[in-house]
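Scroll down for the structure; my scribbles are underneath it.
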Amino acid sequence: MDPAASLTQPALWPLTAIVFLPALVAAVLSLPIVPRGRDEFIRWTTLLTTAVVFVLSVWMAWPQLFGAAGPAQFRLGEPGMQAVVKLPWIEAFGIEYLLGVDGISLPLVVLTTFLSMLAAAASWPITKHVKAYHVLFLLLETGMLGVFVSLDFFLFYVFWEVMLLPMYFLIGIWGGPRREYAAIKFFLYTLLGSVLMLLAILMLYFTSDLRQLSPEQLLASHVVSPALDAGVQADAVRSIKDARAPVHTFNLLALAQIGQLPDSPFAAARVWGMSLEKWAFLLLLVGFVIKVPVVPVHTWLPDAHVEAPTPISMILAGILLKLGGYGILRICYPVCPGAGLDFAWLVCGLGVVSMVYGAFAALAQKDFKRMVAYSSVSHMGYVMLGLGVWSAVAGQEYRWDAWAQGVNGAMFQMLAHGISSAGMFFMVGVLYDRVHHRNLEEFGGIFNRMPVYSGLAIAVFFAGLGLPGLCGFIGEVLVTLSSWNYSRVLAVASAFTVILTAAYILWAIQRVYLGAEYKGPHGDHLTPITPRELSIAAPLVFLAILFGVAPQILFNYVTPTVNRQVETLADWTKRVHDAPAAAPAVAKVGADSAAR
Amino acid sequence: MDTAAQLPLLLGLAWLAPLASFVAILFFGPRMGPHGRNAAWVATAAIVASLVLSLFAAGAWLGAHPVQVSHHGSGDVAAADTHAGDHAVDHHPVADSVAYSGDWYTLYRGGALRLSIGWYIDALTVLMFVVVTFIATCIHVYASGYMHDELHDVTDHEVHLSGGGHLHRPGRFPRFFQALSLFCFSMLGIVIAGNLAMVFIFWELVGICSWFLIGFYYERKSASTAANKAFIVNRVGDFGMLIGLMALWGALGTLHFADSQAIDGDVARPGLFSLVRPAAGGHAIRVPDGMVKFAAAAEVAKTPPAEVAGKIEDWRSMGLGRWLLLIAGVGIFCGCVGKSAQFPLFVWLPDAMEGPTPVSALVHSATMVAAGVYLVGRFYPVLTPDVLLVIAYVGAITLFIAATIALVATDIKRVLAYSTVSQLGYMMLALGVGGWAAGLFHLVTHAFFKSLLFLCSGSVIHACHTNDMRKMGGLARVMPWTAGTMLVGCLAIIGAGVPFVIGLSGYYSKDAILAQALAFSRANPAHSILFVAVAGGAFLTAFYMFRLWFMTFAGEPRDHHVAEHAHESPAVMVAPLVVLAVLAVVAGWTLPGGFGLPNLLEQARPVGTAEGMTGGFAFGELVFPAEHLSHEGAVHVTATLTAFATAAAGVALAALMYLLRIISPAVVATIFKPAYTFLAGRWYFDELYHAMFVVPALAVANLASGTDRGVIDRIIDGLAWTARQLAGVDAWIDRTLVDGLVNATAAATWNAGIELKKLQTGHLRQYVMFIVVGTVALFVLASLLFRTSLAG
């Protein structure tokens, strides 16, 4: 493809700007021309940058809001990839600068830009090395956005790592007393995941072969850009089909197409007695579930949260945890559907264990922030369960809508948890900024001291509790209802969690906000909420209510893509997975009737 | 506009009006007049608007569906017996009960699955709207007087600060009405709900409203603890309810009560009622196809898809899927157990009396706790005989336990709270023995007289500033209106009346329950204990209610300090008492022409239940006699006389002990000391649950948290430590072996250089000799090699 022509791709600039604007500003800020002492200037620049990125992402998602259609406007109801950007990058390995959004990634992108903006506003109390902090913060935003929009596995991995380092420093330098322990723990856990992921990436790359795909599939997966002229397309397709050696690819869409072929090379290749598909699935799964996180690889989360400064906790809980769920949904299942079907019990089981274990652990915490951190473990368990029930009940009547409900519920839960957990961490941070402790036993009476703040905080905690009318309810109820068809035991366990959730959240509210008087130190610092804090808390509460009352706003984006993916995989199960098994079953029935 | 379009509009607006009030008070409450005084007007205006709209809806309903004279009042018993078939047609013109349903709003849709906000309106819905909004209106008016303390700064004498003294805080008058409005909205949401998902949504919302209202005095530890307890215990019930929802949703893919219309591209689908009671089968209960297939999953997998449909009847006859229907019914009932404070989850309701008294009257006696009963009534078509039997027994146990605790309670509100639990048990039992109309009839009459009783008790507390009946007595003289209206309430709750002639509202509803329980006991002799429970409960009710009235109003004042300050409440509080007292008297009456609650309820009777039903597999074959039969002949007479005799005996005993003081309560307590202690300790349920659930849950929580720190983190830290040790070993190897080798090589090279340096002498002759020797040596070497290769 002619690079000059591709620079005029309509979609190039919006997505590229959304991803790289923060990094660009970070680069400028890090130059010596920005004096170190200009803290206010740096803060405002960062806030403004995140705001611009937010507006750009909203422009993409909801062009009607701005009157004019954006250059890469998102078309609702269309399930496929949109606003695809495709440029060659490292041609020797077929690595491309391939970005795109669909109904799964776009809401997460908007969530990221939104929470980054709020977190930037929440960064005002940071006074240590302000310049370095904001440079790293902006880099982090680029990394997160890049992961959500990358369609090239290598690029995905690069962004994944780009995200890791700023986070390490943000916890390790600006954190609490045990920040170094927490930072290194976070880093090592995540690095372990990345290494395994890299292994899986290389396995898949070297097993993939684009020649197996039909011309239509090559176009659909943007291996050959559908924007090209028909003649150029045909040439490109022919050059792939006629290649003598296998044509490997990092293209995630193409890998998914290959993985779902009846003669998938991933399923055929075997490593140490297990199919390569299963190895790749497990390696990727480990990498992703560390991020989610699920029990038993979750212990980095409480430490990281307790030590991280408030805005970083918001980002961590609100966005970083979603990367794991996103990775499973975007990569694990479509690329390795057979393994996904075989390991459904693992995904669902991990989810339910996390839900119950996290809820119990939250009940035992004395540290307010630790309690909220464990509530994240519990809530993200719903995401795992919802994604897992997807591959439910092979060999029976195909109820794709029941699976789709679980996945839609999981997606909704991710978005809702992004709002509620970021809100909860912010609310804890507001108190911590004033009294510098988080001991649940040493609060009380906050409602009478800070009424507006407490009202908003209780609303956010109720969203976490899964109260109807707030965002936490929809995802939980959809996931729970969908799990019954997969496993009665897991369904009952997930329903049981609602009791524990109510217990730990109401108990915390009672100890912190209710009661007659404040029992801890620095009581005179409990001043009412400031306008800056209000401008962060109020949008979160507003969205928690909005998405709770009108979940269709999100489902309009999410369901078309999720439903198509689930339908595709349901068909795949019917076609590929059960086809060999069906014959013996019929034979057995025949034998039975003959015996009668 | 026809009725089908009118009713959702009217009731929808009636439902949303309190929400508007909530939002208005939330944002502008403190600015509504001095100390937010006008918030009461906003909330009251909203609920009055709801009442008016509900009344319009009732008018529209009655215009379209006039209440028919049922055979019960016609005296045409012989004809009913001889022409049972014709009879059903002639006298049950609404046998196919009319209901309007539809969806306003979709929350989620994926494939055939749809969760939505919609309506299901039948006579029961309309009736409940009128009842709820009417009682709520009375209580709003009452509360605007009762809560006036909150209009200025309050000193809370129950809160002791660490520095000594009591809590001094600003009043929060608007916040009370804000929560009350949200509650009304949520409660009406349950009533109008068109599907179980919507019921569940508003179920949780009334739960949280109850949390706000119980914890209104949140500075008191006891209040916030009671609020948490109420919500968490309710969630235990909701856990069961969720299982029921999953069982239905997973197998049937719908939670709609009624068949849904085709809207926005979605095809029409049968609802739960017609799935479980298909019209084709004469509305008899049948395990739906979806549940059969679900239970026969293993068989379905083995059967070619085309043949599945043909085999369903076989599988159904094998009993597949009936357990699923049982689980669904019991699961939904679990939610009702929590909300309606039934055994074993009734422990939260007495503690809920920590809230202000108007809340106790509205939320914790008349409406929210009745939601469980309402849901059982609404969901009735799906409940199988086995589920009904479970419901009947839970109701019987509840009514007995709660009544016994009420016998010895001394806090006036707690007596009423246990009485509420007990009466809810009555309703559940009635529904469980097939008395659908009887149970819901009692729900309505109870709503009137129990809210009346609570408001009266509030009036007493307002006057005495204490809840303790042992400090009261003789209040009838200073509070004649309160005493009089409360006497009406007591008479209503015990079902007082002149047998076969006329009575207070409770007389009719309680009679109906007794009659149905008796009919059920006769049909199922194995379960005749249920009738004993009802009759015994009637005796206990009469005793503890009149014990309460005598202790409070009769005799001489026990505490002169209290008596001196007592005064009649202001008119704004007394007026609602009088209105409710009138209704407590007349609510059960059937006017000439047949207009009355029982006949109105008959319009909403679930299809297929009019002629009773039989069935059941888990607890043996059960027979549920048709409800109209219990109003006739010997059953009716026996039931009425039993009710009268037990109630009279209860009142008589209470009079002997507390009015005439012929029997000393203290002596009785001493004689039956173990029993008294047990009852006064409330059967020790709180202690039992604490030991059985709270302590283990906290232990597991600590275990989980400890595992993280003690096991997982140990392993992680251990790995890190191991890595560091390995790195140390690695560093040693680097330093000693690798570096040693490198250094040794370097040293050897160096040394070799040093040695070789010695050769560099600078003598030309010596160099020439080296060259010669070297050349010769090379030649020798080369020739040797050359020869060998030739030889090879």
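Protein chains in written order, with our numbering: chain S, 1 to 596; chain X, 1 to 792.
Just so you know, even glycine gets a beta-carbon here, dropped at the ideal spot from N, CA and C.
Using a Cβ cut-off of 8 Å, pull out every chain X residue sitting near Asp401/S, in sequence order please.
Identification of chain X residues near Asp401/S by a Cβ-Cβ cut-off of 8 Å yields Gly110, Gly111, Ala112, Leu113 and Gly253, ordered along the chain.
Neighbour flag for Ser181/X against chain S, beta carbons, 8 Å
For Ser181/X, no Cβ of chain S is located within less than 8 Å of the residue's own Cβ.
message = Looking at chain S, is there any beta carbon in it that lies within less than 8 Å of the beta carbon of Met469/X?
response = So no, Met469/X is outside the interface.
> Which bits of chain S does Phe231/X rub up against, with CB to CB less than 7 Å?
Replying inline: Near Phe231/X (Cβ distances below 7 Å), the residues of chain S are Ala502 and Leu506.
Check: Can you list the alpha helix (DSSP H) stretches of 4 or more residues lying completely in the stretch 342 to 382 of chain S, in chain order?
Finding: Taking only runs of at least 4 residues, the alpha helix (DSSP H) segments lying wholly in the stretch 342 to 382 of chain S are 344 to 364.
- prompt: Hey, how far is the Cα of Lys510/X from the Cα of Ala643/X?
  reply: Those two C-alpha atoms are separated by around 8 Å.
- [ ] Could you name the residues of chain S that Arg169/X contacts, counting a contact when the two beta carbons are closer than 7 Å?
- [x] Among the residues of chain S, those whose CB is under 7 Å from the CB of Arg169/X are Asn448, following chain order.
| said: Using a 10 Å radius around the Cβ and a threshold of 16 neighbouring Cβ atoms, would you call Leu255/X buried or exposed? | reply: Answer is buried; the Cβ neighbour count reaches 16.
From the DSSP output, in three-state form, read off Ile117/X for me. Strand, per DSSP.
Is Leu526/S near Ile446/S, with beta carbons less than 8 Å apart? Yes; because the gap between Cβ atoms is below 8 Å, this pair is in contact.
Exercise for review: Identify the continuous beta strand (DSSP E) that holds His166/X and give its terminal residues.
Suggested key: Residues His166 to Arg169.
task: Identify whether Lys794/X lies in helix, strand or coil by the three-state DSSP scheme.
output: One cannot answer for residue 794/X here, as it falls past the ends of chain X, which runs 1 to 792.
In terms of residues, what are the limits of the alpha helix (DSSP H) holding Asp156/X?
First-last for Asp156/X: Val154 to His160, but that is the beta strand (DSSP E), not the alpha helix (DSSP H).
Look up Met368/X in the DSSP assignment and say whether it is helix, strand or coil.
-> Reduced to three states, the DSSP call for Met368/X is coil.
- Message: Quick check: is the beta carbon of Pro246/S nearer than 8 Å to any beta carbon in chain X?
- Response: It does not; no Cβ of chain X falls within 8 Å.
**Message:** Let's see if you can read the secondary structure: which residues bound the alpha helix (DSSP H) around Pro262/S?
**Reply:** In the DSSP annotation of this structure, Pro262/S is not part of any alpha helix (DSSP H), being labelled neither H nor E.
For Ile243/X, would you say it is in contact with chain S, using Cβ-to-Cβ distances shorter than 8 Å as the test? Contact with chain S is found for Ile243/X, since one of that chain's Cβ atoms lies less than 8 Å from the residue's Cβ.
_Contact set between the stretch 557 to 578 of chain S and chain X, restricted to residues whose Cβ is under 7 Å from the partner_ = From the stretch 557 to 578 of chain S, only Thr559 and Asn563 have a Cβ closer than 7 Å to chain X.
- [ ] Would you mind telling me which residues of chain S sit closer than 9 Å to Tyr658/X, beta carbon to beta carbon, in chain order?
- [x] When 9 Å is used as the limit between beta carbons, Tyr658/X is near no residue of chain S, the shortest such separation being about 38 Å.
task = Taking Gly110/X as part of the beta strand (DSSP E), name the residues at either end of that continuous run.
result = Note, Gly110/X: beta strand (DSSP E), Tyr100 to Gly110.
**Report entry** Three-state secondary structure (DSSP) of Gln603/X
**Finding:** Helix, per DSSP.
### Message
I'd like to know if Gly194/X contacts chain S, where contact means its C-beta is closer than 8 Å to some C-beta of that chain.
### Response
With 8 Å as the cut-off, Gly194/X does not count as an interface residue toward chain S.
Does the ligand PLP have even one heavy atom less than 7 Å from the beta-carbon of Trp62/S?
Of the ligands one can find in the structure shown there are none, so the ligand PLP has no counterpart to examine.
Practice prompt. Run through the stretch 279 to 343 of chain S for me and flag every whole alpha helix (DSSP H) of 4 or more residues, listed as ranges in chain order.
Written response: DSSP runs (the alpha helix (DSSP H)) wholly in the stretch 279 to 343 of chain S: 300 to 307, 310 to 315, 321 to 327 and 337 to 342.
Going along chain S in order, which residues have a C-beta closer than 7 Å to the C-beta of Glu219/X?
By Cβ distance, chain S contributes Gly515 and Ala516.
Per DSSP, what kind of secondary structure is Asp259/X in: helix, strand or coil?
Note: Asp259/X maps to coil in three-state DSSP.
Fill in: Sequence-distant residues of its chain with Cβ nearer than 7 Å to Ala563/X (five each side left out)
Gly474 and Pro557.
- prompt: What do you get for Ile662/X, buried or exposed, if any count of 16 or more other CB atoms within 10 angstroms of its CB means buried?
  reply: Ile662/X comes out exposed.
What whole-angstrom Cβ distance do Trp793/X and Leu481/S have, given they're in contact under 8 Å?
Residue 793/X is absent from the model: chain X starts at 1 and stops at 792.
By the 9 Å beta-carbon criterion, what residues does the stretch 288 to 310 of chain S contribute toward chain X? Of all residues in the stretch 288 to 310 of chain S, only Val295, Pro296, Val297, His298, Thr299, Trp300, Pro302 and Asp303 place a beta-carbon less than 9 Å from a beta-carbon of chain X.
Smallest Cα separation from Leu597/S: which of Leu210/S, Val232/S, Ile95/S and Gln73/S?
-> An answer regarding residue 597/S cannot be provided, because it is not within the stretch 1 to 596 covered by chain S.
Compute the beta-carbon to beta-carbon distance between Asn234/X and Trp507/S, rounded to the nearest angstrom, for a pair I have assumed lies under 8 Å.
-> About 15 Å separates the two Cβ atoms, so there is no contact after all.
Sheet register partners of Gln82/S (DSSP bridge): By DSSP's assignment, Gln82/S forms a beta bridge with Val101/S.
Open item on the list: Can you pull the chain S neighbours of Val287/X, defined as C-beta to C-beta under 7 Å?
Closed with: Residues of chain S passing the Cβ test: none, with the nearest at roughly 17 Å.
Alpha carbon to alpha carbon, how far is Val383/S from Leu98/S? Give it in angstroms, no decimals. For Leu98/S and Val383/S, the gap between their C-alpha atoms comes out near 27 Å.
Self-check item: Minimum Cβ-Cβ distance from Tyr357/S to chain X less than 8 Å
Solution: Output row for Tyr357/S: interface = yes.
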